[in-house]
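Participant:
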Amino acid sequence: MLKKIIRRFWLLLLAGAGAASAQEVIPDFYKEPGLQSNRDFVNQSHHENIDPFTGSLQRHYVDIRIPGNGGFDLQIVRSYNSSNVDPANATAPKTTAGWGWTIHFGRILRARESLPCVNMNRLTIADNPVLELPDGSRQLLTFTGQVSPMALTAQRWKAECPPGGNGLIITSPDGVIYEMTQALGASSRISPVYEWHTKKITDRNGNYISIDYATTASPEIRSIATNDGRSVSFSYHDSGTASARIRSITSAGQTWQYNYQSSGITGVHQLASVTRPDGHTWAYTYNGNNGFAAGSYLMRLAKTPYNGTIYYEYDHVYFDSQSNPGSRSNVVRSKSLSTGGSWTFSYSPGGAGSLDTTTVTNAAGTTTYKHIGPMYAGPGNVWKVGLLAEKRIGNTQIEQYQWQGQQISSETYVRPGAFVTKFDYLQTNAPLLTQKTIIRDGGTYRTDYSNFDSHGNPRSIVESGPNRGNRTTTVSYYINTAKWIIRQVQNESSYGNSVTRSFDSRGNLITETRNGITVSRSHDTQGNVNSITFPRSLTYRYSNHMRGIPQNESQPEGIYVYRQVSDAGNVVSETDGSGHTTRYDYDGLNRITSIDLPVGNGVSISYGTNTRTVTRGSLVETSTYDGSGYVTHVNHGGISTSYTVDALGRITFVSDPNNDSGGTYSYDGLHRVIQIRNADGSAKTISHDAGSKTIRDERGNATTYNYRAYGDPDKVFLLEVNTPESSASVRYSRNSKDLITSAVQNGVTRNYTYNDAGHLISAFHPESGTTSYGRDAAGNMTSKSTGSAGTIRYAYDQQNRLQNIVYPDSTPSVAHSYDGAHRLLSTTSSDAARYFTYDGNGNLKSEQLSSDGISWTARYAYNGNDQLTSIVYPHSGDTVWYGVDNLGRPTSITGYVDAVSYWPSGQIRRISYANGTQSEYGQNSRLWPSSFITSHAGSYYGRSIFSYDAVGNLTAINDSTDAQYNRTFGFDSMDRLTSVTTPQGTGYIYYDGVGNITAQNLPGTRLTYHYDGNNRLSGLSASPATLSTAYAYDALGNITSGGGRTFTYDAVPNLRCVNCANPANSVQYMYDGNQKRTSVTQGGIKTHEFHGVHGNLLAEYTPGFPGKLIQYIYLNGKRIAQKESAQ
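In the numbering used here, the protein residues as written are 16 to 1142.
Structure representation (structure tokens):
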């Protein structure tokens, strides 16, 4: 009975306390500023968040960020919260950034009480202090009744009383300490609000930021200094007065300037513009006093540095059932962009049995949010108010959330304002998410969180999803209450997976072991990583940190990397392991403005209001941006591409180069591409179902992909591919790590096994049997063996670079060496040796091949933009010169090609050869070759016209010069060639489900292919019979005989000999250690070959009297000429 009387008396006190209409320090549910962790936000414009629960507008900027040691960055955060604009109390809380804006490092607010450590009313939180973070969000501090922590927020920030009781010591859940002891005193006498601002911030490693104020009771920050030498200075308009406002902030040579306008209320100013160090500006315009209309003094538009404008309109919403003017809220009603696009917001307050509903409509459709409102929450559940219960995105996806409370205080939880009669008696709870369910395309993805510890951390996570997706993860946490590190995951385990971690006394990660593989770290006293030891005991050491970035780096194999870091935290030079230095310059926004490379032309980058121009030598690339900062046009060396971007930042059109036509993209409400329409009008569509995706190509053929997923529909694992030809469909099995263990197609099965670390250790293919792989701790393959073929062994250096290969039998071993920038320097074996040199930019300068007593070298030269301009050919020393355009494309080859021109797509358009021959290539609207014409002196060798189907299969070739070259082609639904029609008749090709050709019926020829039980071609039955043959294989699946020939291989396997049993008809081959052929011996005559690192055969030399040298000339990787000479 006594309890009921106390409760009623307390309720009357609360009712009286809620009568005031001005914004409270502890805000009304619908006037809560800042980003709340348990809500979703509409965020489609620069730095913007619109809260669908409260309808408030927020804009958050990081004006200055300077990285620091141990990851302790110094950030100047500027935040606007429309909920902070209260005409009834325009000067509270205090601000030096303009009405509705804040720039601070955190502060404590308390109404009417000047002592933040004293709990004047132990029954209720109504008079408790509030923590306000730099983004303006507020967290209510509840007194725990314990010595430590004295008070907690629902997000588990803790508060302690400093010596003397002036202010509070706040510690974040990750151990960062805020000394909020800059006491400002009361903001007014009528409704006094006391403030304590942050004077010092200290991280878990002892790094600190000191904040110096103008006077002992001033909110004016004069300077900021850190223990590692960073500093920031502030200047003010009207310094020392109640209307002092930040004029400028300067750090590391970068200055931000702030300008204001009068609000129309005496002494109250609004932020009008912020000028960045690059001279470009954010500008803001506000409503005046709108009287009874909504939006008084609220932001009306924001103008971006790209000259785009965002417009806002407001409405009044009464979230209580009595339409009490004292409880009405200003909410965002609509938003629009000068670049196109608009959003509308409609609000439906809930009731006793209904949730608050907000519907947002934009270019993607509608998104509906449902939150728990105070009219819905009953006694004991007021802690749920504001929590997201459901989010519905069109008809595509539904998200549902369930919560439970964890008591953190015995104080009665209540909010001042219209809903003061709603309270949780003698309890304050922190919300814990217990279940999240996503229903997408009819599939259900569910995650359950349970077994929470006392800090609200879930220790059990159970996930389920389509196609048997079920997973349980057990989690433990590193809890260090002395430093108040209470949210740091330590160990995770699920079936087949395990992660364990250890930390030092400051909470820094020391070791992490994933499925048995350990990486260890050490840290210096400031928390910087000074060494990392990877598997195989490979240790990298870091020292001389500047702004948290190591300037000296020591790696295994004697490699050293050196950096210079500026005061702003930018790397201004870096010297790689080969001693080559690259230097960088930056502008006031820390954007790169120039790059000085070790050799050749440097790179310069300039920024305009809506442009970015990159120049290197004669090559210029200009990007153009719209008012929202999206790229709309790129001109790269004269090749232009245009983009259309919608208001949501989705690319809806990409032009073909130098063309108005191109591809058009359509999206669903989840921003997934659902249609791509090509320039010729054909289209590909993508549709989604429960755990599956179907792609229907331009020919109308559909392929469906089925996936396994758990609680997140965006993290999927492919299980099945259903192809247009059902016999070709593929089924995958996966293990507990979701690695593929088998793939089955048309009855052919391939199996894979892994070790505990997830490295592949065996693979079974029916064509070759089982191949086993040895692995070291880093996952490097140390051995490979297949059946009776013997074992190949691999060794690695201390950079995990392949160093040695030892083959079984007589196959020569191979050794590799590298430079400090990880470029291959040499490959040697007893058969051949290759050596490489490079310039400072990493371009190949020379490659030398020594084999069979012959040593020859190719040399390469480049212009200032690293574009190839000449090759000195091996053996002869002849130089082939390339003329290049600004894009580096060859435009001539001296002595061979007089001119080359290109389509804007990059395809060759015309080649004029030195002998007078010309080749011309047409191009259609899909950028595919449409014709090929070769002529000389007005006579045509060929005039071919190409036709395609909608996916790019070549369907016809028509040659007007000689009809004998006319062809038509047919394809099945898998895009496999099934028919060819020529003037001689029509032939047909048939396949099985694995893609093997089973038969070819051609004019005058019939071929039937036979396969054994291991999916190997065993024989060919043909008419005429002379084409019939049988095939045999070795243990690796290589063909050893067929078509009247025999084939011999080494252990690599490289083809070593054809018809070795018959010396008169045999052909023998030799190779270097990179498996490039070095010689061919036929009929007793050996021809030496030089293949470049790019794979092209540059030259072949046959010794004799005289010898014969053939040099091959290439254009864009295609052989276009050869030169024969006697040597």
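Glycine included, each C-beta is placed from N, C-alpha and C at the ideal position.
All values derive from a computational prediction rather than experimental measurement.
#1: Measuring alpha carbon to alpha carbon, tell me which residue in 178, 157, 192 is nearest residue 120.
#2: Skipping 5 residues on each side, what residues in its chain have a beta carbon closer than 7 Å to that of residue 517?
#3: Counting only runs that start and end within the stretch 862–943, where is the beta strand (DSSP E) found for 3 or more residues in a row?
#4: Is it a yes or a no for the stretch 142–157 touching the stretch 240–250, going by three-plus beta-carbon pairs under 8 Å?
#5: For the beta strand (DSSP E) that contains residue 979, what are its first and last residues?
#6: Find out if the Cβ-Cβ distance for the pair residue 455, residue 705 is shorter than 9 Å.
#7: Go ahead and label residue 9 buried or exposed: buried means 16 or more other beta carbons lie within 10 angstroms of its beta carbon, across all protein chains shown.
#8: How about residue 748 and residue 756: are their beta carbons less than 9 Å apart?
#9: Who pairs with residue 830 in a beta bridge, going by DSSP?
#10: Round the Cβ separation of residue 792 and residue 502 to the nearest angstrom and send it over; I've been treating them as touching at under 8 Å.
#11: Taking residue 736 as the reference, give the member of 724, 723, 719, 999 with the closest Cα.
#12: Does DSSP put residue 253 in a helix, in a strand, or in coil?
#13: Could you pull out every residue in the same chain whose Cβ sits closer than 6 Å to the Cβ of residue 614, ignoring the five residues on either side in sequence?
#14: I want to know whether the stretch 127–134 touches the stretch 175–191 - three or more CB-CB distances under 8 Å.
#15: So for residue 85, helix, strand or coil by DSSP?
#16: Identify every residue that forms a DSSP beta bridge with residue 749.
#17: Pull up the CB-CB distance for residue 685 and residue 413, whole angstroms please, since I reckon it's below 8 Å.
#18: Going along the chain, which residues of its own chain have a beta-carbon closer than 8 Å to the beta-carbon of residue 911, five neighbours each way excluded?
#19: Name the residue from 460, 469, 603, 68 whose alpha carbon lies nearest to the alpha carbon of residue 403.
#20: Residue 861 and residue 848: beta carbons closer than 9 Å?
#21: DSSP beta-bridge partners for residue 132?
#22: Identify every residue that forms a DSSP beta bridge with residue 1072.
#23: Looking at the structure shown, is residue 588 part of a helix, part of a strand, or coil, going by DSSP?
#24: Rounding to the nearest angstrom, what Cα-Cα distance links residue 321 and residue 291 in this structure?
#25: Using alpha carbons as the reference points, say which of 286, 740, 274 lies closest to residue 760.
#26: Measuring straight from C-alpha to C-alpha, what distance separates residue 768 and residue 775?
#27: Could you tell me which whole alpha helix (DSSP H) segments of length 4 or greater appear in the stretch 326–395?
#28: How about residue 1103 and residue 1116: are their beta carbons less than 9 Å apart?
#29: Roughly how many whole angstroms lie between the Cα atoms of residue 836 and residue 818?
#30: Give me, in chain order, the residues of the same chain whose beta-carbon lies closer than 7 Å to that of residue 1150; leave out the 5 immediate sequence neighbours on both sides.
#31: Comparing alpha-carbon positions, which option in 400, 814, 777, 1123 lies nearest residue 800?
#32: I need the boundaries of the beta strand (DSSP E) containing residue 434, first residue and last residue.
#33: Would you call residue 394 buried or exposed, if buried means 16 or more other Cβ atoms sit within 10 Å of its Cβ?
#34: From this set, 422, 350, 268, which residue's C-alpha is nearest residue 157's C-alpha?
#35: Under three-state DSSP, which class holds residue 856?
#36: Identify the continuous beta strand (DSSP E) that holds residue 561 and give its terminal residues.
Facilitator: Quick answer:
#1: 192
#2: 525, 526
#3: 869–877, 883–887, 894–899, 905–908, 912–917, 923–928, 932–938
#4: no
#5: Unbroken run through residue 979: none, as it is neither H nor E.
#6: yes
#7: This structure cannot settle anything about residue 9, because the visible part of the chain is limited to 16 through 1142.
#8: yes
#9: 819, 843
#10: Their Cβ separation, rounded to whole angstroms, is 31 Å, which puts residue 792 and residue 502 out of contact at 8 Å.
#11: 719
#12: coil
#13: 854, 855, 856
#14: yes
#15: helix
#16: 755
#17: No, residue 685 and residue 413 are not in contact; Cβ-Cβ is about 12 Å, not under 8 Å.
#18: 895, 928, 929, 1128, 1135, 1136
#19: 68
#20: no
#21: Beta-bridge pairing links residue 132 to no other residue.
#22: 1063, 1083
#23: strand
#24: 12 Å
#25: 740
#26: 6 Å
#27: none
#28: yes
#29: 15 Å
#30: The first residue shown for the chain is 16 and the last is 1142, placing residue 1150 beyond what the model contains.
#31: 777
#32: Unbroken run through residue 434: none, as it is neither H nor E.
#33: exposed
#34: 422
#35: coil
#36: 553–561
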